[in-house]
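When we follow full-length UniProt numbering, the leftmost residue of the sequence shown carries the number 1, and every step to the right adds one. Glycine included, each C-beta is placed from N, C-alpha and C at the ideal position. Have a look at the structure below, then the notes.
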Amino acid sequence: MSDQFTQLNQLFETAGSGHVLYVYENRDAYTRQAVSFIASGIEQGHQVIVIDRQDRYDRIFRALRGSMSDEQLGCVRYVNSLEFYRVQEPFCCGMVLEQYKDLLVPLSAQGIAFRLWAHAEWPENAKVQDELEMVEQLADYSVTTQGFSSVCCYDGAQTSAAMQHKLLRHHAYWLTDQALVTSPLYAKDGPLFPISVPFQEERGHANRESDMRRKTEERLRATKSQLESFITRNLDPIIILNQDEKVIRVNEAFERLFGWTNEEVMGLKAAVLPTIPLDRRYEVPRNKHVNMTGRNVEGYESLRYRKDGTPVNVMISSFPLLDEDDNPNGRAVIVRDITERMQAQELLIRTEKLSIAGELAAGIAHEIRNPVTAVKGFLHLLQTGGASKQLYFDIMASEIQRIETILSELLMLAKPQAVHFQSRNIPALIRDVITLLDAQANLNNVRILTDFEDENLCLECEENQIKQVCINFIKNAIEAMPGGGELLIQLARGDGMLFIRFVDQGGGIPEHVLARLGQPFYTTKEKGTGLGFMVSRKIIENHNGTVRVFSEERRGTTIEVSLPLDSASLQ
Numbered sequence: 001m002s003d004q005f006t007q008l009n010q011l012f013e014t015a016g017s018g019h020v021l022y023v024y025e026n027r028d029a030y031t032r033q034a035v036s037f038i039a040s041g042i043e044q045g046h047q048v049i050v051i052d053r054q055d056r057y058d059r060i061f062r063a064l065r066g067s068m069s070d071e072q073l074g075c076v077r078y079v080n081s082l083e084f085y086r087v088q089e090p091f092c093c094g095m096v097l098e099q100y101k102d103l104l105v106p107l108s109a110q111g112i113a114f115r116l117w118a119h120a121e122w123p124e125n126a127k128v129q130d131e132l133e134m135v136e137q138l139a140d141y142s143v144t145t146q147g148f149s150s151v152c153c154y155d156g157a158q159t160s161a162a163m164q165h166k167l168l169r170h171h172a173y174w175l176t177d178q179a180l181v182t183s184p185l186y187a188k189d190g191p192l193f194p195i196s197v198p199f200q201e202e203r204g205h206a207n208r209e210s211d212m213r214r215k216t217e218e219r220l221r222a223t224k225s226q227l228e229s230f231i232t233r234n235l236d237p238i239i240i241l242n243q244d245e246k247v248i249r250v251n252e253a254f255e256r257l258f259g260w261t262n263e264e265v266m267g268l269k270a271a272v273l274p275t276i277p278l279d280r281r282y283e284v285p286r287n288k289h290v291n292m293t294g295r296n297v298e299g300y301e302s303l304r305y306r307k308d309g310t311p312v313n314v315m316i317s318s319f320p321l322l323d324e325d326d327n328p329n330g331r332a333v334i335v336r337d338i339t340e341r342m343q344a345q346e347l348l349i350r351t352e353k354l355s356i357a358g359e360l361a362a363g364i365a366h367e368i369r370n371p372v373t374a375v376k377g378f379l380h381l382l383q384t385g386g387a388s389k390q391l392y393f394d395i396m397a398s399e400i401q402r403i404e405t406i407l408s409e410l411l412m413l414a415k416p417q418a419v420h421f422q423s424r425n426i427p428a429l430i431r432d433v434i435t436l437l438d439a440q441a442n443l444n445n446v447r448i449l450t451d452f453e454d455e456n457l458c459l460e461c462e463e464n465q466i467k468q469v470c471i472n473f474i475k476n477a478i479e480a481m482p483g484g485g486e487l488l489i490q491l492a493r494g495d496g497m498l499f500i501r502f503v504d505q506g507g508g509i510p511e512h513v514l515a516r517l518g519q520p521f522y523t524t525k526e527k528g529t530g531l532g533f534m535v536s537r538k539i540i541e542n543h544n545g546t547v548r549v550f551s552e553e554r555r556g557t558t559i560e561v562s563l564p565l566d567s568a569s570l571q
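Structural data, given as structure tokens:
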């Protein structure tokens with residue numbers, strides 16, 4: 001049994017309860033810790049509840065079977081974490097608490113002693129920090145008042161430093177694969193460390209004050225050591241700034257990712273750090289202003305540079321460092337490398353583009369065959385000696401131009417391109433997309449109508465990605481009307497936003513399907529991938545926009561895309 005879990009089990013035996021944050025890095029270490037926790041609980045006559053993924057629990061169970069009887073294993077109750085946390089739905093504190101209530105209240109009512117091992121889960125890429133912190137805050141209250149033991153587990157590779165910082169506020173103990181320490185940020189009933197004691201005119205006051213001061217100093221020393229461990233061992237780069245915005249410390253993760261050592265950047269102002277591109281330096285005073293008012297900067301995507309000049313896609317968070325009077329006295333900046341995630345996202349977008357191109361191939365072939373047939377016919381007339389050759393030439397040139405337009409749009413869709421935001425006229429962009437999809441619409445007896453409030457509506461956007469979104473939504477609308485109908489595309493403006501609406505006359509989307517729309521690989525189409533809507537929504541979110549879907553069965557569907565207008569369109 002590992003030293004840290006020996007300590008933890010002794011703690012539980014002595015105190016009877018405890019709320020532990022376990023941030024792990026190694027899968028085997030995770031299994032050993034779980035087995036130790038479960039075995040200790042069974043030895044004490046507790047029922048042990050394990051909330052975890054099936055694959056992780058299978059490894060734990062196999063390890064337990066080697067040393068326990070079937071009767072002992074009967075004290076273990078397994079709950080699938082993906083179902084418990086409902087990862088297919090938006091993460092909600094109320095929902096999670098209801099799940100815990102249904103699970104634990106019956107045990108308490110029957111007087112059954114229990115302990116809990118729970119691995120937190122949430123939808124991929126979801127912003128859950130605030131909801132998750134609320135869950136852990138209320139969970140800590142339950143652990144304290146009801147007197148049971150709980151270990152809350154988080155994958156260190158998926159849990160940012162900013163999130164760990166929040167979680168440590170609501171766990172009395174912090175466990176890693178290497179160490180068990182008292183949480184440096186935990187405060188159950190107000191401030192963590194008292195800075196004074198009430199004046200009392202009684203015997204022994206001086207001794208108690210001295211003892212309190214000694215204990216406070218010991219705690220402060222322990223906290224300093226624990227915070228140092230938190231910074232040093234963290235997987236994310238961390239930059240510590242003083243009140244003058246000068247770097248006083250970076251951790252090893254910073255040195256590994258960016259290539260600059262602590263000595264090279266120490267003393268530099270945050271605004272001139274060599275990792276920050278010139279066009280991103282506005283972020284520094286903005287983030288400082290937020291932190292100096294006592295608020296946190298939640299994770300946002302940005303760009304930084306390594307020492308060798310290569311760019312790194314990152315997620316930036318920061319929070320204020322407070323003095324003994326709770327006033328900001330510096331701040332900590334956490335930088336998470338999201339390069340692999342961005343590459344995977346770009347690959348997904350490119351894959352969906354190729355999928356769309358393949359699906360459009362039949363319609364495009366039909367659309368190109370018509371002008372080719374016309375050109376062949378007029379060439380034949382020219383050979384036989386027609387009366388008005390100039391007329392033939394004009395028609396042939398027009399048809400060839402149409403072929404070029406269609407092929408250009410198709411190639412633009414399929415060709416990988418660097419993301420480059422520029423001001424683009426959206427009515428013209430949508431008409432280009434309609435040109436590409438006219439053939440498919442005609443084959444399905446669908447008329448595409450437009451209602452544009454203004455012809456001069458522009459966006460700062462990546463043109464090809466916005467076209468990809470429009471193609472996906474128009475194509476879906478056409479497929480939703482197998483018997484034909486009309487698709488209305490509307491453009492309107494309001495409150496600094498551009499609204500693009502795709503209104504079809506299809507059969508609508510059932511409520512149970514609407515609830516799962518956008519989940520990867522969920523589709524009602526025989527050959528669909530379920531990625532189209534998800535990719536489109538992600539593209540719009542990357543443009544600081546939103547996608548909403550309104551649908552009723554037998555009444556049709558409206559998809560509304562809202563995007564911020566560029567400065568020229570706002571004037």
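Could you check the C-alpha separation between Glu283 and Ile240 for me, to the nearest Å? The residue you call residue 283 lines up with position 283 of the sequence shown. The residue you call residue 240 lines up with position 240 of the sequence shown. One C-alpha to the other measures close to 16 Å.
Just mark residue 582 as buried or exposed, buried being the case when its beta carbon has 16 or more other beta carbons within 10 Å. Given a span of 1 to 571 for the chain in the structure shown, any question on residue 582 remains unanswerable.
With 16 other Cβ atoms within 10 Å as the buried cut-off, status of Pro510: Here the question's residue 510 lines up with position 510 in the sequence shown. Burial call: exposed.
Is it buried or exposed for Lys127, if we count other Cβ within 10 angstroms and need 16 for buried? On the sequence shown, position 127 is the one that residue 127 refers to. Per the 10 Å Cβ criterion, exposed.
Measure the beta-carbon distance from Ser81 to Ile51 and round it to whole angstroms, keeping in mind my assumption that it falls under 8 Å. For the purposes of this step, residue 81 is taken as the residue at position 81 of the sequence shown. For the purposes of this step, residue 51 is taken as the residue at position 51 of the sequence shown. 5 Å between Cβ atoms; contact.
Does any heavy atom of the ligand FAD sit closer than 8 Å to the C-beta of Arg233? Among the ligands in the structure shown, none appear at all, so the ligand FAD cannot be discussed.
Coarse secondary structure for Tyr85, derived from DSSP in three states: Your numbering for residue 85 matches position 85 in the sequence shown. Here Tyr85 sits in coil by DSSP.
In its own chain, which residues sit with a C-beta less than 6 Å from the C-beta of Ile539, not counting the 5 before and 5 after it? The count along the sequence shown starts at 1 and reaches residue 539 at position 539. Same-chain partners within the cutoff: Gln465, Val469.
Val76 versus Gln401, Leu457, His46, residue with shortest Cα-Cα distance: Taking the first residue of the sequence shown as 1, we reach residue 76 at position 76. Minimum Cα distance to Val76 is reached at His46.
Could you compute how far the alpha carbon of Ile500 sits from the alpha carbon of Glu25? For the purposes of this step, residue 500 is identified with residue 500 of the sequence shown, where counting begins at 1. For the purposes of this step, residue 25 is identified with residue 25 of the sequence shown, where counting begins at 1. Approximately 45 Å, taken between the alpha carbons.
Let's test the definition: count the other Cβ atoms within 10 Å of the Cβ of Gln401 and tell me whether it reaches 16, buried, or not, exposed. On the sequence shown, residue 401 is found 401 positions in, with the first residue counted as 1. By the neighbour-count rule (16 or more Cβ atoms within 10 Å), Gln401 is not buried but exposed.
Euclidean distance between Cα positions of Ser142 and His165: By 1-based counting over the sequence shown, the position of residue 142 is 142. By 1-based counting over the sequence shown, the position of residue 165 is 165. Taking the straight line from one Cα to the other gives about 21 Å.
With 16 other CB atoms within 10 Å as the buried threshold, where does Pro90 fall? As a first step, residue 90 must be located in the sequence shown, where it is residue number 90. Its Cβ having fewer than 16 others within 10 Å, Pro90 is exposed.
If you draw a straight line from the C-alpha of Glu124 to the C-alpha of Arg341, how long is it? As a working note, residue 124 is residue 124 in the sequence shown. As a working note, residue 341 is residue 341 in the sequence shown. Rounded to whole angstroms, Glu124 to Arg341 spans 11 Å at the Cα level.
I want to see whether chain B comes within less than 9 Å of Asn442, judged by CB atoms only; does it? Within the model displayed, chain B is absent; a lone protein chain is all it includes.
Taking the beta carbon of His289 as the centre, do at least 16 other beta carbons fall within 10 Å, making it buried, or is it exposed? Working through the sequence shown from its first residue, we reach residue 289 at position 289. His289 is exposed by the Cβ-count criterion.
Buried or exposed: where does His420 fall if 16 or more other Cβ atoms within 10 Å of its Cβ makes it buried? Locating residue 420 in the sequence shown gives position 420, where the first residue counts as 1. Per the 10 Å Cβ criterion, exposed.
How would you label Ile49, buried or exposed, when you count the other beta carbons within 10 angstroms and need 16 or more for buried? The residue labelled residue 49 in the question sits at position 49 within the sequence shown. Flag for Ile49 reads buried.
Leaving out five residues on either side along the sequence, give the residues of the same chain with a beta carbon under 6 Å from the beta carbon of Arg304. Counting from 1 along the sequence shown, the entry for residue 304 is found at position 304. Same-chain partners within the cutoff: Thr275, Val312, Val314.
Relative to the C-alpha of Met292, which candidate in Gln243, Tyr85, Gln129 has its C-alpha closest? In the sequence shown, counting from the first residue as 1, residue 292 sits at position 292. Nearest option by C-alpha distance: Gln243.
Could you tell me which of Lys269, Val105, Leu517, Pro482 sits nearest to Asn442, measuring between CA atoms? One-based indexing of the sequence shown puts residue 442 at position 442. Of Lys269, Val105, Leu517, Pro482, the residue nearest in Cα terms is Pro482.
Within this structure, are the beta carbons of Gly485 and Arg447 separated by less than 9 Å? Here residue 485 corresponds to residue number 485 of the sequence shown, with the count starting at 1. Here residue 447 corresponds to residue number 447 of the sequence shown, with the count starting at 1. Yes, the Cβ-Cβ distance between Gly485 and Arg447 is below 9 Å.
Is Asp337 helix, strand or coil by DSSP? Taking the sequence shown and counting its residues from 1, the one referred to as residue 337 is at position 337. Of the three classes helix, strand and coil, the one that applies to Asp337 here is strand, per DSSP.
From which residue to which residue does the alpha helix (DSSP H) around Thr182 run? In the sequence shown, residue 182 corresponds to position 182, counting from 1. It is not in any alpha helix (DSSP H) - Thr182 instead sits in the beta strand (DSSP E) that spans 180-182.
Taking the CB atoms as reference points, tell me whether Leu175 and Val20 lie closer together than 9 Å. As a first step, residue 175 is located in the sequence shown; it is residue number 175 there, counting from the start. As a first step, residue 20 is located in the sequence shown; it is residue number 20 there, counting from the start. Cβ distance < 9 Å, so Leu175 and Val20 count as in contact.
Residue from Arg65, Gln72, Leu168, Asp70 with nearest C-alpha to Gln137: By one-based count along the sequence shown, residue 137 stands at place 137. When each option's Cα is compared against that of Gln137, the closest is Leu168.
In terms of residues, what are the limits of the alpha helix (DSSP H) holding Val35? Start at 1 with the first residue of the sequence shown, and residue 35 comes out as number 35. Its alpha helix (DSSP H) spans residues 27-43.
Return helix, strand or coil for Ser142, following the three-state DSSP convention. For this step, residue 142 is matched to residue 142 along the sequence shown. Looking at Ser142 - three-state DSSP - the assignment turns out to be helix.
Separation of Val375 from Ala428, as counted between CA atoms: Taking the first residue of the sequence shown as position 1, residue 428 is located at position 428. Taking the first residue of the sequence shown as position 1, residue 375 is located at position 375. Taking the straight line joining both Cα atoms gives about 27 Å.
By how many angstroms is the C-alpha of Arg53 removed from the C-alpha of Glu83? In the sequence shown, the residue the question calls residue 83 occupies position 83. In the sequence shown, the residue the question calls residue 53 occupies position 53. Spanning the two alpha carbons is a distance of roughly 9 Å.
His420 bridges to which residues according to DSSP? Along the sequence shown, one-based indexing puts residue 420 at 420. Bridge partners of His420: none, in fact.
Whole-angstrom Cβ separation of Asn287 and Val297, contact assumed at under 8 Å? Residue mapping note: residue 287 aligns to position 287 of the sequence shown, counting from 1. Residue mapping note: residue 297 aligns to position 297 of the sequence shown, counting from 1. Confirmed, Cβ separation roughly 5 Å.
Tell me the DSSP secondary structure of Ser69 in three-state form. Taking the sequence shown and counting its residues from 1, one reaches residue 69 at position 69. Ser69 falls in the coil class under three-state DSSP.
In its own chain, which residues sit with a C-beta less than 7 Å from the C-beta of Thr546, not counting the 5 before and 5 after it? What you label residue 546 is simply residue 546 of the sequence shown in a count that begins at 1. Same-chain partners within the cutoff: Ile540, Ser562.
Candidates Val513, Phe550, His543, Arg249: closest to Val503 by CA position: Locating residue 503 in the sequence shown gives position 503, counting from the first residue. Cα-wise, what sits closest to Val503 is Phe550.
To the nearest angstrom, report how far apart Gly190 and His170 are at their CA atoms. Translated into positions along the sequence shown, residue 190 becomes position 190. Translated into positions along the sequence shown, residue 170 becomes position 170. In this prediction, Gly190 scores a pLDDT of 36, lower than 50, which makes its location untrustworthy; the coordinate-derived value is nonetheless stated afterwards. Approximately 12 Å between the Cα atoms of the pair.
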